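Residue numbers (full-length UniProt numbering): 1 to 753.
Just below is one structure, and these are the notes that go with it.
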């Protein structure tokens with residue numbers, strides 16, 4: 001044996017131990033924290049100018065309430081406690097200034113428009129109860145108010161058009177429990193084991209069949225998690241048109257396919273054994289099949305996005321900067337998320353982009369379901385914007401913004417983290433090319449876009465509202481639908497109106513429509529509407545005249561009038577339709593922005609329907625009209641409760657006026673048909689339930705503006721693509737090998753309910 005061998009083995013073992021120790025220590029060592037890059041530089045005055053569109057602050061709302069309480073000369077009761085016969089403040093929101101005033105301020109160096117609020121009041125304690133809208137200003141110290149109701153609606157707004165308040169629903173719940181249900185104790189106890197806590201209800205809208213009606217079907221469900229899919233077969237029609245709740249009465253009762261005069265008749269028929277009873281198994285509190293509790297234990301964490309050098313966008317007050325984009329954002333109490341003064345590369349392309357309405361029309365063989373047409377703006381798409389869950393509703397490291405609203409109260413409410421802004425790497429190229437012919441190179445650009453998002457939960461539905469800003473100058477408006485499907489009790493020929501989702505649950509067929517207002521200003525306020533499309537033409541081959549060639553050619557048409565620019569829902573629309581500027585690009589083409597709609601909508605309500613005019617915006621997939629201050633919205637919150645005499649009729653906006661070289665607005669409708677199916681249990685997924693529109697530059701630039709993005713990648717076969725100065729991706733192991741600073745998880749969605 002070589003005497004040196006033990007020493008060699010010992011030295012080798014020591015070296016191995018040293019190497020392993022270094023590896024273990026390096027594994028245990030935390031990666032460095034990501035360093036933020038310098039903040040995005042704001043243009044001088046841009047953030048302060050955008051405040052002309054800013055939502056009211058909580059203090060401004062409170063100032064308006066105090067002013068109204070002291071200057072109207074009538075008693076005002078807090079809406080959360082008000083009876084129908086009381087006066088109360090229904091809502092306070094921003095009164096957006098007139099466009100001409102705002103443009104003089106933004107572009108012409110004019111005075112800042114006075115800051116004003118729009119207050120909606122319910123006057124029930126008057127000889128002639130009515131709804132009145134006041135503009136109150138100037139803020140923050142209001143000194144005047146003016147009644148704008150007649151100016152906006154052409155007359156007074158009758159009191160029966162008011163939305164049902166939370167307090168009125170409380171009173172209706174008490175009426176059902178103490179009056180209606182008290183007339184059928186045996187039936188309720190033996191069929192439903194009713195204990196005054198185990199039933200929930202959902203109401204139908206509109207409330208009746210003609211103007212002045214306030215008669216509502218209340219559909220009863222088991223009071224469990226996800227109650228929307230737990231119908232029990234009982235529905236009660238309540239007449240609550242009187243301003244005195246003691247005069248409310250049951251008008252009709254429906255149970256398991258049969259109608260009864262009232263609860264007394266139902267009780268009598270049950271006691272006498274003349275009812276076909278369908279007992280529903282009592283569900284546990286978590287809802288059993290409707291529970292959203294995960295059925296699998298946690299496993300490896302899902303992927304998360306990080307910003308190695310911090311956000312590449314800035315949010316200051318209501319103003320956002322992202323690469324070549326800038327815009328202001330806000331939240332209307334009734335219509336939700338909206339944008340103003342949208343600019344790309346410093347030039348305004350849109351003055352306003354806003355949600356207008358979300359409509360659902362249901363079918364069923366039960367009365368509540370078959371009579372339901374939800375116009376969710378009347379409930380409040382902004383009011384019911386929900387706090388967002390970090391990491392699920394938006395990326396964990398998104399910027400979260402609080403919003404405020406004042407609705408059915410004298411105090412503003414704060415919704416923490418109810419709007420989020422984030423840059424999103426879509427995981428695909430915005431553009432790319434790999435060349436293996438002639439020159440050998442690769443060129444590409446990651447598709448990274450900025451997203452502004454809010455989510456409104458209105459009853460059973462959750463609407464995910466997005467505005468997405470792309471690096472090539474395109475802007476997308478998108479809504480994704482999720483939440484629970486609405487349901488009816490399965491009986492008789494119910495399968496004509498949907499699919500069976502559980503033992504007694506019929507998922508009812510319904511349409512979903514959303515409407516947007518898009519006020520484009522392309523190269524200036526004055527625009528025209530132009531349509532480009534294609535047609536095949538037959539020609540003889542010039543080099544071989546005996547042969548025929550079919551070739552596509554470009555068709556062009558200027559749409560001169562509003563009637564020409566109103567495209568019915570299922571009609572054929574030109575594939576390229578765009579707002580054209582009065583200027584041209586380098587190649588002699590009119591600069592434009594194209595409207596491209598993504599929709600697979602169901603059919604619109606027949607125009608013969610008595611209530612169709614209230615939702616006549618849904619007749620059209622696209623309608624372009626002259627912009628008018630007196631036509632600010634396509635609908636009204638009052639249309640829900642009186643669709644037979646609508647306060648705003650969109651169809652009247654279209655009156656064949658010329659739209660050449662005018663300030664124009666595009667009204668866009670997108671939608672989908674939802675036939676609930678078994679995979680909608682426990683609730684509906686967003687996949688496949690996404691619709692909206694794109695605004696895309698069309699000869700607006702001389703070339704694709706994204707070529708100026710800092711994110712571009714290009715290298716040739718002759719370059720060292722592992723060098724950072726040639727290919728920034730080669731630096732990722734260094735620039736992105738850090739751990740972001742994850743803030744602790746918090747959620748305020750269950751506070752101040």
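Even for Gly, the Cβ is constructed at its ideal location relative to N, Cα and C.
Note that the structure is predicted; figures quoted are calculated from it, not measured.
Determine the direct distance from the alpha carbon of residue j to that of residue i, and round the result to whole angstroms.
i           : j           : result
residue 657 : residue 631 : 14 Å
residue 28  : residue 738 : The predicted model places residue 28 with a pLDDT of 43, which falls under 50 and marks its position as unreliable; any figure quoted below should be read in that light. The straight-line gap from Cα to Cα measures roughly 14 Å.
residue 147 : residue 166 : 25 Å
residue 347 : residue 202 : 48 Å
residue 404 : residue 685 : 29 Å
residue 427 : residue 682 : 29 Å
residue 62  : residue 131 : 21 Å
residue 413 : residue 260 : 43 Å
residue 408 : residue 65  : 12 Å
residue 424 : residue 715 : 25 Å
residue 69  : residue 149 : 19 Å
residue 417 : residue 400 : 5 Å
residue 491 : residue 497 : 11 Å
residue 602 : residue 111 : 47 Å
residue 396 : residue 56  : 28 Å
residue 572 : residue 703 : 30 Å
residue 440 : residue 590 : 36 Å
residue 275 : residue 645 : 40 Å
residue 465 : residue 540 : 52 Å
residue 223 : residue 458 : 18 Å
residue 501 : residue 104 : 57 Å
residue 26  : residue 723 : Its pLDDT being 40, under 50, residue 26 is placed unreliably in this model, and the coordinates cannot settle the point.
Shortest alpha-carbon distance to residue i belongs to which of the options?
i           : options            : result
residue 100 : 265, 466, 577, 524 : 524
residue 307 : 680, 88, 34        : 34
residue 482 : 623, 564, 508, 455 : 455
residue 280 : 650, 333, 504, 57  : 504
residue 50  : 221, 340, 127, 243 : 340
residue 351 : 214, 327, 332, 323 : 327
residue 239 : 200, 179, 265, 415 : 179
residue 87  : 128, 96, 111       : 128
residue 98  : 90, 85, 116        : 116
residue 303 : 320, 579, 394, 236 : 394
residue 314 : 329, 484, 301, 433 : 329
residue 741 : 636, 398, 380      : 398
residue 319 : 342, 595, 373      : 342
residue 566 : 529, 72, 600       : 529
residue 659 : 625, 119, 638, 499 : 625
residue 269 : 748, 207, 188      : 188
Could you tell me the boundaries of the alpha helix (DSSP H) in which residue i lies?
i           : result
residue 735 : 732-735
residue 71  : 58-71
residue 540 : Taken as a continuous stretch (DSSP letters only), residue 540 belongs to no alpha helix (DSSP H), being part of the beta strand (DSSP E) at 528-541.
residue 102 : 99-107
residue 192 : 185-192
residue 270 : 263-271
residue 170 : 166-175
On the DSSP bridge list, what partners appear for residue i?
i           : result
residue 696 : 594
residue 148 : According to DSSP, residue 148 bridges with nothing at all.
residue 423 : 450
residue 231 : 221
residue 415 : 403
residue 158 : 130
For the beta strand (DSSP E) that residue i lies in, which residues bound it at each end?
i           : result
residue 356 : 347-362
residue 343 : 336-344
residue 370 : Per DSSP, residue 370 belongs to no beta strand (DSSP E); it is in the alpha helix (DSSP H), 367-370.
residue 299 : Counting along the chain, residue 299 falls outside any beta strand (DSSP E), and DSSP gives it neither H nor E.
residue 119 : 116-123
residue 249 : 249-255
Going by the beta-carbon positions, is the gap between residue i and residue j smaller than 8 Å?
i           : j           : result
residue 576 : residue 532 : yes
residue 205 : residue 640 : yes
residue 138 : residue 114 : yes
residue 452 : residue 421 : yes
residue 225 : residue 291 : yes
residue 102 : residue 349 : no
residue 360 : residue 511 : yes
residue 235 : residue 184 : no
residue 538 : residue 546 : no
Regarding residue i and the ligand MG, is the C-beta to nearest heavy atom distance less than 7 Å?
i           : result
residue 499 : Questions concerning the ligand MG fall outside what the structure shown contains, since it holds no ligand whatsoever.
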